[in-house]
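The numbering used here applies: residue 23 is where the sequence shown begins, and numbers increase by one.
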Amino acid sequence: MQVTKREDCLKCHLPETMAELERQHKHPGKWKDARVNCLLCHTVKSK
Numbered sequence: 023m024q025v026t027k028r029e030d031c032l033k034c035h036l037p038e039t040m041a042e043l044e045r046q047h048k049h050p051g052k053w054k055d056a057r058v059n060c061l062l063c064h065t066v067k068s069k
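See the structure below:
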């Protein structure tokens, strides 16, 4: 899968998964904000 934008991340990282990270105080609401680009902090690993 070619990941180039935030919407691509959310195809695999479902809201339930992100909600669990939020409970662990890791992604406090950022994943809900469309202005936040996941790829600014997270890199995509090539297979």
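Beta carbons: idealized from backbone N, C-alpha and C, even for Gly. Remember, predicted model here, so these are calculated numbers, not experimental data.
Inter-residue spacing [alpha-carbon to alpha-carbon] between residue i and residue j
i     : j     : result
Leu32 : Trp53 : 9 angstroms
Ala41 : Asp30 : 18 angstroms
His4  : His35 : A query on residue 4 cannot be resolved here, the shown segment of the chain reaching from 23 to 69 and no further.
Val58 : His49 : 11 angstroms
Val66 : Gln24 : 9 angstroms
Glu1  : Gly51 : Any question about residue 1 goes unanswered here, given that the chain covers just 23 to 69.
Simplified DSSP state of residue i, which is helix, strand or coil
i     : result
Leu32 : helix
Cys63 : coil
Sub-7 angstroms separation of residue i and residue j beta-carbons
i     : j     : result
Arg89 : Cys60 : This structure leaves residue 89 out entirely; the chain is present only between 23 and 69.
Chain C contact for residue i (CB, 7 angstroms cutoff)
i     : result
Glu38 : As a matter of chain content, chain C is missing from the structure shown, which is built from one protein chain.
Run of the alpha helix (DSSP H) containing residue i, from where it starts to where it stops
i     : result
Thr12 : A question about residue 12 goes unanswered here, because the residues of the chain that appear run from 23 up to 69.
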